[in-house]
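> Sequential numbering from 1 applies to the sequence shown in full-length UniProt numbering. Glycine residues also receive a C-beta, built at the ideal position from the N, C-alpha and C atoms.
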Amino acid sequence: MIKVGIVGGTGYTGVELLRLLATHPGVELTAITSRKEDGLPVADMFPSLRGRVHLAFSAPDKADLTECDVVFFATPHGVAMAQAPALLAAGVKVIDLAADFRLKDRASFEKWYKIEHSAPELIEEAVYGLPELNREDIKQARLIANPGCYPTTMQLGFVPLLKAGLIDAGSLIADAKSGVSGAGRKAEIGTLFSESSDNFKAYGVAGHRHTPETSAQLQRFTDDKVGLIFTPHLVPMIRGMHATLYARLTQEVDDAQLQALFEETYKDAPFVDVMPFGSHPETRSTRGSNMLRLALHRPGGGNTVVILVVQDNLVKGASGQAVQCMNLMFGFEETTGLQQIALLP
Ligand SMILES: NC(=O)C1=CN([C@@H]2O[C@H](COP(=O)(O)OP(=O)(O)OC[C@H]3O[C@@H](n4cnc5c(N)ncnc54)[C@H](OP(=O)(O)O)[C@@H]3O)[C@@H](O)[C@H]2O)C=CC1
Ligand SMILES: CC(=O)N[C@@H](CCC(=O)OP(=O)(O)O)C(=O)O
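1) Tell me M241's beta-bridge partners as DSSP assigns them.
2) Taking the beta carbon of K225 as the centre, do at least 16 other beta carbons fall within 10 Å, making it buried, or is it exposed?
3) Can you give me the C-alpha to C-alpha distance between F46 and G26, rounded to a whole angstrom?
4) May I have the straight-line CA-CA distance separating L156 from L218, to the nearest angstrom?
5) Out of curiosity, what's the CA-to-CA distance linking A119 and D105?
6) Under a three-way DSSP split, which group does P345 fall into?
7) Quick check on DSSP: helix, strand or coil for A107?
8) Quick check: the Cα distance between D254 and K62, rounded to an integer number of angstroms?
9) What is the DSSP secondary structure of P299, counted as helix, strand or coil?
10) Quick check: A141 and M326, are their CB atoms within less than 8 angstroms of each other?
11) Taking V315 as the reference, give the member of T33, A31 and G182 with the closest Cα.
12) Kindly examine ligand 1 and report whether one of its heavy atoms sits closer than 7 angstroms to the Cβ of Y266.
13) Assuming F158 and A247 form a contact by the criterion Cβ under 8 angstroms, report the distance between their Cβ atoms to the nearest whole angstrom.
14) Do V92 and L65 have their C-beta atoms within less than 8 angstroms of each other?
15) By Cβ distance below 7 angstroms, which residues in the same chain neighbour L49 in space, the five residues on each side in sequence not counted?
16) Specify, as a first and last residue, the run of the beta strand (DSSP E) that E28 falls within.
17) Where does the unbroken alpha helix (DSSP H) through G5 begin, and where does it stop?
18) For V127, name the three-state secondary structure that DSSP assigns.
19) Report buried or exposed for I341, applying the criterion of at least 16 other Cβ atoms within 10 angstroms of its Cβ.
20) Just to check my reading of the structure: P160 and T265 have Cβ atoms closer than 8 angstroms, yes? What is that Cβ distance to the nearest angstrom?
21) Can you tell me the Cα-Cα spacing of N134 and E124, whole angstroms?
22) To the nearest angstrom, how far is the alpha carbon of N303 from that of Q251?
23) With 16 other CB atoms within 10 Å as the buried threshold, where does S178 fall?
24) Under a Cβ-count criterion, where at least 16 other Cβ atoms within 10 Å of its own Cβ denotes burial, should V70 be classed as buried or exposed?
The following block contains the structure:
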């Protein structure tokens, strides 16, 4: 059994980690922090965990995280970078669900997140935690930068085509929609029921911090300069993310070859489902599960490929992906604790 700590146990990705880890056969939860709920039994706040999680929250400064084998940071940007150096020095592995170590370019991080980086010496070492693209590096890692939710959909959709040199890297378009839980559990006017239900809008059109994260990762797979236009939207559902990705073909290729390319790329990826060509994946087919589903289209048989990608933002887009990384880092089967089938309806 490995000992696991969670910093930020009262938020949406924190409670999602608890849901997944409570039934993981190789894990003992030993510390769950909250600044506001010090001493409160976790199951009092989250009755879904009654009988499953017996710990109480502890204030971050009281929790002895150095006793853990791995600590997840389910916290806002800037928290993990302050604590990771001491934890790593004590031999504890760290998985950060925020963006502290996602961007290799420190100046870009500081520009987009408006936080001065306090552990720049760890940026290079951190491994970007997208198992489908970095599995071997994740197995060796001490420090994981878990991807953002939108970047997961964009990378898993575009990478097979970019790697094969089939598309114009400079004209990628991503039109993506997220459920409201993507904004976290903290109180904000934009996520009030009366603001976000029965409503639909784009945001961050002029620039969103997931554009530099995604572009930098995509750039690893092509010598051509990546150009990405990404428009996020908020949709009136709680969980789920749908990305519609557009890419212009630069090579002669037929539909069957495109489909075969994706099937081959993901044949050993237990959490990527390449659906039949022309399918319409639904967010609800991933709700509560770590599965990402995608499907290819070619409107009018022309030279634009449309890739439809769905996932649960809190599972494959965050906490499930983090557990998938933990499994690889500690030699568990990649799928351990992550076999849930999506909830219908
Ligand atoms: N929601 C999503 O779909 C996704 C989120 N992420 C990222 O994951 C991280 C967590 O997101 P989410 O769970 O949605 O956020 P929430 O706002 O729901 O939760 C944040 C948690 O962090 C704790 N916290 C806040 N500030 C501090 C601090 N200074 N020190 C210690 N703990 C702190 C809060 O607990 P308390 O106040 O009780 O201490 C709370 O438990 C964020 O960086 C987010 O960007 C990534 C992918 C998807
Ligand atoms: C709906 C919503 O607000 N979503 C968040 C993305 C959440 C996430 O994955 O982002 P980080 O970990 O990079 O913060 C946003 O657009 O800011």
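Straight from the coordinates:
1) S178 and Q311
2) exposed
3) 22 angstroms
4) Using only the alpha carbons, I get a separation of about 10 angstroms.
5) Looking at the two C-alpha atoms, the distance is approximately 13 angstroms.
6) Coil, per DSSP.
7) helix
8) Going by the C-alpha atoms only, they are around 60 angstroms apart.
9) helix
10) no
11) G182
12) no
13) Going by Cβ atoms, the distance from F158 to A247 rounds to 6 angstroms, so yes, they are a contact pair.
14) yes
15) L18, A22, V42 and A43
16) That run of the beta strand (DSSP E) goes V27 to I32.
17) First-last for G5: I2 to V7, but that is the beta strand (DSSP E), not the alpha helix (DSSP H).
18) strand
19) exposed
20) 4 angstroms
21) 15 angstroms
22) 9 angstroms
23) buried
24) Buried, because 16 or more other Cβ atoms sit within 10 Å of the Cβ of V70.
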